[in-house]
Amino acid sequence: MKRTEKVLRYSIRKSVLGVGSVLICALFLGHSLVAADEEQPVANAVENPVAASPVNQDLTTVREAANTEVGTFLAEKVTDLGNNPNLSDEELAAAKDEVNQTAAKAQNEIAVAEDKERIDQAKEDGLADIKSINPVGKDLLLDEIQNGKAEFDKLVDSSDLLLEEQKKSFQESVRRKAAEAEDAIQKLDVNAATAEQAEVIQEQAVTEEDKFFKFIASSTVDFTLAAKLADLEANPNLSEAEKKAVRGEIEQVVETAKKAIEGADSQEIYDRAKETAIAHLAKIHPIGKEQFLKEIQEEKTATIEAVEKSQSLSTEEKTAAKKKIEDAAAIAQKAIAAYNAWVESPDDAEKIQGQVAAEKQSLLKVTTGLKLDLALSDKLADLRSNPNLSEAEQATAKAEAEATLADAKRVLEKADTEEELERIEAAGIASLDTIHPVGKDLVLDELEEEADKQIEAIEHHQTLSELDKKQAKEKIRSVLKAVTDAIAQLDDSVDSAEKAEKLQEQIAAEQTKALENLEAIVKNAAKAETASSVPSDSPQEARQEFSGGVSDSEPETATASEYDLSSHEVGIHPDTAPQSSVQPEFSGNVNDSEAPTATRPEFTGGVNDSEPTMTENNTYDAGVQPSVRSAHPDSAPQMSALPEFTGGVNATDAAVAEALPAYQVTTSILSTVDGSKSLQEQPSSSTITQLVQPKNKESKSGASVLPHTGQASNALLTVTGVISILSAAGLTVRSRKKEE
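Reading the sequence shown from the start, the letters are residues 34 to 773 in the working numbering.
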């Protein structure tokens, strides 16, 4: 039952009071008659001493009439109190008690009155007292105020759109207004002298209550507005322009409602204004479009720019990709623009907003797919430009990249949200970035090709024995297998460019090492070939290294001019010249690697086997040099016990020192001894210079270059001839001293 209905019923009760009073009076009159019958013996007992007179009979009638009138009025009053909608149960019970007590008092006074005047006076006093009981209902109003405040608090607490500070502000303002209304009502009289006055006071109390509920209505509208604005601001789908437009709409609704509430003269009016405003606000559900349209345009522009910057797409591919993006963007923009700015139902708003997002997502699927295609295109271009990869390795990596992209696109088609699309794009590109193949095939092919060349070269070698060839080829194959196994153990693909680069460097290092090993094998084979040309019966171990100026281990100690004997004539030493018994034995030898001299007996003396290779000469032929051969016959005794000859000319020997001028007879000897064309073309000084160069020069590989012709043998024979002549000269000088 509304508060307005209570007030109306309070006003109407006067028009229906007569009918109700008659019925209640009849009931009350019967009650009075019964009470009179019960009191009759007492009255009779009092009146017995005096005989009943007509006067006494008249007073009885008057009393009965007075009691009837009081009883009738009492019944009417009780009925009126019961029909008062402003009274609470407690207030109604209290008012009834007061009325009954007043009526009982009046009846008692009527009963003891001794004459008609006193009876009438008692009756009138009783009626007046009953009439003055007009209670004002407050409890219901106060309870309604408390209930209204509690409901508002509950409404505010249920909202999750406002901050706690905002909620407390609304609740505090309502509490203050409730306290004001309660205080004003409590100050009003609880009873009025007349019904009219009671109604006025009651209306004042209702007015105070209405003030509070108007405030509640206005606060509810304000609260609804605040919640709506908060929801508006929190909507991520709305642009600032859309928020501003919706804000203006809802603020206009609220302003209209608050004016209606303030001007309302009844609860029904301001409640209707409040409900109308709330319902209107509840029908404003904006649809965010501008932000989506803007994001679609930005996505289109960014993707087209990425396509333009791509270095891996052709012009035709770029044109096709851009058209695909523009078409998808146009479809999405047209669909979004067709939706209304807002709708009345929150469910409809949610549905339409989802459709708007789906339109954008349809474009994002297209652009995400193109971005994945760009990443794949860049990856394939990177694979093609990798100089370390073979075609097979490129094909393997390409297949892996394409499979990765296909997986990403399958997941892409099932994506439902923008977040999923972003995650799929990032994961797909990241997966492609983990494909970094390591090139092995080209390196292994190069090594195999090089090994085949080396094997073929060894196979066609003219001087290597079959055993040497076999051993060399086995070494080559062993090196090839070792490097192949080492490279095979490395990863074929890694997940970062840095790791791939390190592995590629490691493979290059293995390749370099293998090539060096192959080169070393070939060089060692060449050394073996050279060593095999030295006679196996050349004495080596029993000979000490020649320590003179021409020794390969002796540093160069004299210039070429010191050994130039071209200005001296050759002396004649007959074959019968005696040999010095103290002559040191020449302990030099022909080097192991020296090619054997044709048809000549092996020379057991000579220079050390480390003598450097000399300029190639024709096969040495000593047959054209009779003077040397006659001076030193093959039968000349050799003394194995003689000490090693330590130099070309031993200056410490006094006899030799004296005869030294006579030893400088090299020119004619060299011209006589050297019958080869090569030595005839070279100056004698250069020949001697060549002989005294230290044998410490090495080839690039560190191995000594060994002679491959008979040139060194010819030179050694020449030196041997010179030494023999010098020995003969020394013997001659000694024999002369003996004669003197």
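Glycine included, each C-beta is placed from N, C-alpha and C at the ideal position.
In whole angstroms, what is the alpha-carbon distance linking residue i and residue j?
i    : j    : result
L120 : T112 : 13 Å
K171 : S272 : 52 Å
E241 : T309 : 24 Å
Q285 : L258 : 10 Å
I540 : E338 : 40 Å
V67  : N100 : Legend: pLDDT at V67 = 36, less than 50; position of this residue unreliable, no value from coordinates given.
Q537 : N268 : 54 Å
L196 : I462 : 42 Å
E7   : A542 : Not covered by the structure: residue 7. The range shown for the chain is 34 to 773.
I234 : Y303 : 22 Å
K384 : V287 : 27 Å
E157 : T93  : 17 Å
D353 : T336 : The question names Asp, but residue 353 is Ala in the sequence shown. One C-alpha to the other measures close to 13 Å.
I364 : K322 : 14 Å
F246 : V169 : 20 Å
T467 : N421 : 18 Å
I554 : E489 : 13 Å
H313 : D243 : 24 Å
E481 : K532 : 26 Å
L173 : R208 : 18 Å
K138 : L114 : 19 Å
I358 : S395 : 11 Å
V55  : N116 : At V55, the pLDDT of 32 sits below 50, so the modelled position is not reliable; the number obtained from the coordinates is stated separately. If I take the Cα positions, the gap works out to 16 Å.
Q726 : A515 : Confidence at Q726 is low in this model, with a pLDDT of 37, below 50, so the placement of that residue should be treated as unreliable; the coordinate-derived value is given next. Cα to Cα, the separation comes out at about 43 Å.
E229 : N133 : 21 Å
G181 : I249 : 7 Å
K487 : K556 : Checking the displayed sequence, the identity of residue 487 turns out to be Gln instead of Lys. When rounded, the distance between both Cα atoms is 11 Å.
E377 : H318 : 6 Å
K503 : K546 : 22 Å
On the DSSP bridge assignment, give the partners of residue i in chain order.
i    : result
A225 : N167
S526 : P470
V95  : Looking at the DSSP assignment, V95 forms no beta bridge with any residue, so it has no partner.
P319 : W375
Just to confirm before moving on: does the CB-CB distance between residue i and residue j stay below 9 Å?
i    : j    : result
T362 : I320 : Here residue 362 is Ala; the residue named in the question, Thr, does not match the sequence. No, these two residues do not count as a Cβ contact at 9 Å.
L409 : E435 : yes
A315 : A306 : no
V103 : I163 : yes
T400 : E479 : no
A30  : E142 : This structure cannot speak to residue 30, because the chain is shown only from 34 to 773.
S252 : E295 : no
A505 : A460 : no
P470 : A414 : no
G387 : S423 : no
V279 : W375 : yes
A484 : V512 : yes
A777 : E458 : The requested residue 777 does not occur in the structure, where the chain is confined to residues 34 to 773.
F325 : A390 : yes
P290 : L194 : Note that residue 290 is Ala in the sequence shown here, rather than Pro. Result no, Cβ atoms of A290 and L194 do not sit closer than 9 Å.
L445 : G402 : yes
By the DSSP assignment, the alpha helix (DSSP H) with residue i in it spans what residues?
i    : result
T309 : 300-315
K447 : Element bounds for K447: n/a, residue is neither H nor E.
V389 : 379-417
G181 : 172-191
V516 : 499-521
N133 : 122-145
D474 : 474-492
T352 : 348-370
T289 : 273-296
S202 : 197-219
Tell me, please, whether the CB atom of residue i is closer than 9 Å to any CB atom in chain C?
i    : result
I178 : Among the chains of the structure shown, chain C does not appear; only one protein chain is present.
Given the structure, does residue i come close to the ligand SAH, in the sense that its CB is under 8 Å from one of the ligand's heavy atoms?
i    : result
L513 : With respect to the ligand SAH, the structure shown offers nothing to examine, as it has no ligands at all.
Within the chosen definition, does the segment 216-225 reach the segment 189-200 through at least 3 CB pairs nearer than 8 Å?
-> In this structure the segment 216-225 does not touch the segment 189-200; the number of beta carbon pairs closer than 8 Å is below three.
Report yes or no: do three or more beta-carbon pairs, one from the segment 198-211 and one from the segment 176-187, lie closer than 8 Å?
-> Using a Cβ-Cβ distance cut-off of 8 Å, the segment 198-211 and the segment 176-187 are in contact, since at least three pairs of beta carbons, one from each stretch, lie closer than that value.
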